[in-house]
Amino acid sequence: MEETKDLIQQRREKLDEIRKFGVEPYPHKYEPTHTTSAIQRDFADIQETSDDAQTVRIAGRIMTKRDHGKSSFAHLQDSEGQIQIYVRRDKIGPDPYKIYRRFDGGDIVGAEGTVFRTRTGELTVLVDTIELLSKSIRPLPEKWHGLQDKQTRYRQRYADLIMNPEVKDVFVKRTQIVQAIRNMLNTRNFIEVETPVLQPIYGGANARPFTTYHNTLEQSLYLRIANELYLKRLIVGGFDRVYEFSRDFRNEGMDRDHNPEFTMLELYQAYADYIEIMELTETLIAETAKTLHGTAKITYQEHELDLTPPWERLSMVDAVRKYAGIDPVPLSADELYKAAVDVGLDLVGDETKGKIIAELFDEYVESKLIQPTFITDYPIEVSPFAKKKPDNPQFVERFEFFICGMEVGNAFSELNDPVDQRQRFLEQANSLEAGDDEAFMVDEDYLRALEYGMPPTGGLGIGIDRLTMLLTNQYSIRDVILFPQMRPEN
RNA sequence: GAGCCGUUAGCUCAGCAGGUAGAGCAUCUGACUUUUAAUCAGGUGGUCACAGGUUCGAUUCCUGUACGGCUCACCA
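Start counting the first sequence at 0; every next residue gets the next number (numbering that gives the first Met the number 0).
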């Protein structure tokens, strides 16, 4: 980049000078004996320098450097933390010290020495030898304020991770969340599988897809918006418990809790219904929180949350009654329409009763659900893959769960009646024809699978990014995705 | 897509009722062998996001564009 040419030029000159000393600035390997945190742990009791001091070898990035003439202090940072090193000319020799003087903040070095504690009490490695492992020619951000600019932090996540250790911590936790869930599912005899990202027919959710093209097949393909229909094919095939952490892609807006590509855990369990899945859900999430924090009570922004099961369960109709002040049950579609418009809902006029209930819920209920809450029994119109309730075919056995006003997951008793499913597909196809660009087409192969017979099955999807936001107290989805989607810089 | 805000040195930020810019840190030179935001002395570094307009003169005022942030809309 042109703007830092001068500083980069300076460092390239140092690079040349280092080479003139016969030192290769980009050697091939180094063998550390300790990480910084291992030293902090193993030498916690040490007082001063001792003659039988154990030699350690560490490797890391120089974060600060304080030269004092013939000696110098610096902090090295590795993947686990930082440790101070103390470099003395009379220890390492005059020529190595000249080379060391050309090291900069950002350089990656290996150092061997003994551990002691300085006058001010900081555990420090007194260096016997130090060598350059990789010369940095681009200056790091300032040490005190670090890197603040969000744009730079998202675009140059590497610089963000170097400068802001708490960022790295979030992503370590993200991995731990996935790992905790994986362990629990494996223990429960679920099998982790992989299904196509490139799909000839997209489905399993209402969303606009990304489209791509396969040259050899000479056909359009879609990046999956969900993997639901593939996992259920596997249930048909006899995998009774399957799951996948699925990177899904939706060609829609971006905001605090939407990124065009995101990760969804989907799982399917044969012979379970949505009530059983509800129990699994609250257990999975509470246990994940415990693995991470040792407790199911967490803080998210200004809210204190208790994820301990059982969570509140509220039917969508009850929720609308409670929060929107409208009881949809006794009302006709027309009456409900009028009531909804009266409270300020913006409707076109051709909505069905179920659609209006769902709209009322989205508008007046969702944001009020702070503590973890299951909302159950959705209108059939908005749930094309869920089984009808036996006692009321206008509603389905479905739940979503909300925490801090955010939808985190979605589940249902899976529709396994192939005739009913075909009918639901046809309704979607009609909507698509009519211009609903989030509806989807008939998936004949999926119907064929159902025709072979799918056991009664409960299915669940959990937004891993949003769950990570909650469990790591991050305000934006961009802070739990390493490389969030951004417009090009230029 | 709309509204508001932002973009000034490598980083973090000031500044200007219009008169072509400052600080701290980083960097460079010198001093300094237990410092830690090291210290002391001196220096370098800027197309003030980009393009137009108003003006004798614009980094400053106006308009547009780009990128970002927040809110809303859209959206699971």
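Ideal placement from N, C-alpha and C gives every residue a C-beta, glycine not left out.
Helix, strand or coil: how does DSSP classify residue i here?
i: Q150; result: helix
i: L131; result: strand
i: T375; result: strand
i: N409; result: strand
i: N185; result: helix
i: I297; result: strand
i: M263; result: strand
i: Q473; result: coil
i: I161; result: helix
i: T35; result: helix
i: R240; result: strand
i: H292; result: helix
i: A269; result: strand
i: R312; result: strand
i: S382; result: coil
i: E334; result: helix
i: R18; result: helix
i: D256; result: coil
i: L279; result: helix
i: Y96; result: helix
i: Q81; result: strand
i: D349; result: coil
i: K142; result: coil
i: E1; result: Model confidence at E1 stands at a pLDDT of 36, short of 50, so the residue's coordinates are unreliable and nothing is read from them.
Between the options, which lies nearest to residue i when the distance is taken from Cα to Cα?
i: M485; options: V166, M253 and T215; result: M253
i: L131; options: I45, L230, L359 and G21; result: G21
i: V407; options: T372, D435, P389 and F238; result: T372
i: P199; options: N226, N188 and I190; result: N226
i: T280; options: G460, F102 and D44; result: G460
i: L222; options: G237, K231 and G203; result: G203
i: E39; options: T123, A338 and E450; result: Residue 39 is actually Gln in this sequence, not Glu. Minimum Cα distance to Q39 is reached at T123.
i: T351; options: S331, E362 and F360; result: S331
i: A357; options: D376, A271 and I402; result: D376
i: E251; options: F244, F261, S245 and Y242; result: F261
i: L160; options: D103, L216 and G80; result: G80
i: F501; options: E311, T117, E437 and F209; result: The question about residue 501 has no answer, for the chain in this structure spans 0 to 489.
i: M62; options: N182, F102 and Q393; result: F102
i: H33; options: L75, D5 and P26; result: L75
i: L283; options: T113, A385, N185 and L125; result: N185
i: P392; options: M405, I402, L414 and N409; result: L414
i: E488; options: L125, Q150 and E12; result: Q150
i: R423; options: G293, L446, D345 and I82; result: L446
i: D41; options: Q147, R255 and F115; result: F115
i: F248; options: V241, R240, Y242 and H257; result: H257
Within the present structure, is the beta-carbon of residue i separated from the nearest heavy atom of the ligand NAD by less than 6 Å?
i: Q83; result: For the structure depicted, the ligand NAD is absent and the ligand set is empty, with no information on it obtainable.
For residue i, which residues in the same chain have their Cβ closer than 6 Å to its Cβ, ignoring the five residues on either side in sequence?
i: S78; result: none
i: I107; result: R60, L132 and S133
i: I234; result: Y267, A269, M453 and T456
i: K296; result: D305
i: A338; result: I325
i: I136; result: I7, R10 and R11
i: L197; result: L220
i: M0; result: Annotation note: pLDDT 34 at M0 (below 50); position unreliable, no value reported.
i: G109; result: Y29, A58, E130 and L132
Provide the residue(s) that pair with residue i in DSSP beta bridges, ordered along the chain.
i: S71; result: D66 and V86
i: R397; result: F411
i: Y229; result: DSSP, once it has assigned bridges, lists no residue as partnering Y229.
i: I61; result: L75
i: V126; result: G112
i: V55; result: G112
i: L197; result: L222
i: V420; result: With the sequence shown as reference, residue 420 is identified as Gln, and Val is not the correct amino acid for it. DSSP lists no partner for Q420.
i: N391; result: K388
i: G104; result: Paired residue(s): none; G104 is not in a bridge.
i: E191; result: Y242
i: L304; result: I297
i: I402; result: M405
i: Y212; result: S219
i: D247; result: F261
Give every residue of the same chain whose Cβ lies closer than 8 Å to the Cβ of residue i, excluding the five residues on either side of it in the sequence, and list them in chain order.
i: Y99; result: S71, V86, I91 and I129
i: L425; result: V441
i: R154; result: M485 and E488
Using a Cβ-Cβ cutoff of less than 7 Å, which residues in the same chain neighbour residue i once the five nearest sequence positions on both sides are dropped?
i: V479; result: V169, R173, D464, T467, M468, T471 and Q473
i: E2; result: Per-residue confidence for E2 stands at a pLDDT of 38, beneath the threshold of 50, marking its modelled position as unreliable; no derived number is given.
i: P93; result: none
i: L359; result: V319, A323, I325, A339 and L344
Q.
Which complete beta strand (DSSP E) runs does the region 424-471 hold, if anything under 3 residues is left out?
A. 456-462
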